[in-house]
Amino acid sequence: MSRLTTASVPTVRRSARPGVPLRRIGRVLTGLWLPVLLLVLWWVLSARSTSPFFPPLSDILGETWNQWVVFGAWQNAVSSLRNLLLGYVLGAAIGIVGGSLLWRLRLLRTAANPLIYFLYVLPAPALLPAMIAIFGIGDLRQIALISFGAIWPTLLNTLDGMRGIDTVKFDTARALRLSSWRSYFTLVLPGAGPQIAAGLRASLTVGIILMVISEMVAARSGIGYFILQSQAEFAIKKMWTGIIVLALIGTLLNYLFVFVERLVLRWYYRSRALGGS
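The number in the working numbering is simply the position in the sequence shown, starting from 1, with 454 added.
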């Protein structure tokens, strides 16, 4: 019998999966076809519009460039994003810390439960007059209102996520003699991470809404101020540009949050993918 050498045996190389790029392109197209279709319909149906309230989309886009790039209205967006960032970060931090304390201290959770749900269902815009009375008409009351609204979705999701962690994991941590702080950072926070992220995303949505509402009352700058002033001046095309910029900012912030979430919770999405395969 002739002996086979390794050189005579053809090597089989595992090629890259050709379907992966196609699936990614398919997902992108699936997410884009409806917005693109709506924009095309808006462009076509409004092309010959003579209504002062619904001008052609081409005119609105041209005015958007003029107002937000040429004439410097982008400063309103900077003011809005600064207040949103400060209020959102403060509210999210209070929510995570507060939820952790309520999870850890059962007596505190029982005592504070009625108050928390009362504040959670209280509409934050209803507090705007009180915020003006306490903080004045500057940026501080806008930050305070955004922060107040951003606390509750994060706090409740943090609490529910931590309470849902399997008790077997805590038994394992005790067997390994992990300290309370180490268990918190290596077990509790990662275990509740997906639900905390859901609360943070809901808080971001609430924060954007409150950002606009707070800027429409006793404000001197911001996207909400820009939209309201344009409406008061009967500058309808100018008003529509503020609405479009606000929609773009909200969309970009949402996609940015999803990108960061997938980076931070990469282990979670990988485990879900392996479990579903």
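Virtual Cβ for every residue (Gly too), placed ideally from N, Cα, C.
Cβ contact annotation for residue 667 (same chain, cutoff 6 Å, sequence separation greater than five): 579, in chain order. With respect to residue 707, residue 658 sits close: the two C-beta atoms are nearer than 8 Å. The beta strand (DSSP E) runs lying completely inside the stretch 498-527 and spanning 3 residues or more number zero. Exclusion of the five residues before and after residue 491 leaves no residue of its chain whose Cβ lies closer than 8 Å to its Cβ. Classified as exposed, residue 575 has fewer than 16 neighbouring CB atoms from the shown chains inside 10 Å of its CB. One alpha carbon belongs to residue 514, the other to residue 689, and they sit about 11 Å apart. In the three-state scheme derived from DSSP, where H, G and I count as helix and E and B as strand, residue 717 is classed as helix. As the crow flies, the alpha-carbon of residue 489 is around 14 Å from that of residue 511.
Residues of the same chain with a CB within less than 7 Å of the CB of residue 655, apart from the 5 flanking positions on each side, are 711 in chain order.
Excluding its 5 nearest sequence neighbours in each direction, residue 552 has C-beta neighbours in its own chain below 6 Å: 609, listed in chain order.
Straight-line measurement puts the Cα of residue 677 at about 35 Å from the Cα of residue 643. Around the beta carbon of residue 597, 16 or more other beta carbons sit within 10 angstroms, so the residue counts as buried. Secondary structure at residue 670: coil, using DSSP grouped into helix, strand and coil. By the CB criterion at 8 Å, residue 527 and residue 680 fall inside the cutoff.
Counting only runs of 4+ residues, the alpha helix (DSSP H) found wholly inside the stretch 602-634 occupies 621-629, in chain order.
With a contact defined as Cβ atoms closer than 8 Å, residue 600 and residue 549 miss out at about 13 Å.
For residue 568, the uninterrupted alpha helix (DSSP H) run begins and ends at 560-575, by DSSP.
Membership of residue 678 in the alpha helix (DSSP H) is indicated by the continuous run 677-686. Counting along the chain, residue 589 sits inside the alpha helix (DSSP H) bounded by residues 582-589. Only residues of its own chain outside the window of five on either side were considered, and among them 693 have a CB closer than 8 Å to the CB of residue 685, listed in chain order. With three or more CB-CB distances shorter than 8 Å, the stretch 644-651 counts as touching the stretch 612-619. Straight through space, the alpha carbons of residue 559 and residue 565 are spaced by roughly 10 Å. The alpha-carbon of residue 716 is positioned some 35 Å away from that of residue 561. In this structure residue 682 is in contact with residue 670, their Cβ atoms being roughly 5 Å apart against a cut-off of 8 Å. Nearest C-alpha to residue 618 among 641, 632, 629 and 633: 641. Here the C-alpha atom of residue 487 lies approximately 28 Å from the C-alpha atom of residue 724.
Looking at 534, 709 and 569, the one whose alpha-carbon comes closest to that of residue 485 is 709. Excluding five sequence positions before and after residue 517, the CB atoms of its chain that fall closer than 7 Å to its own CB belong to 691, 692 and 695, given in chain order. Straight-line spacing of the CA atoms in residue 637 and residue 699 works out to 44 Å.
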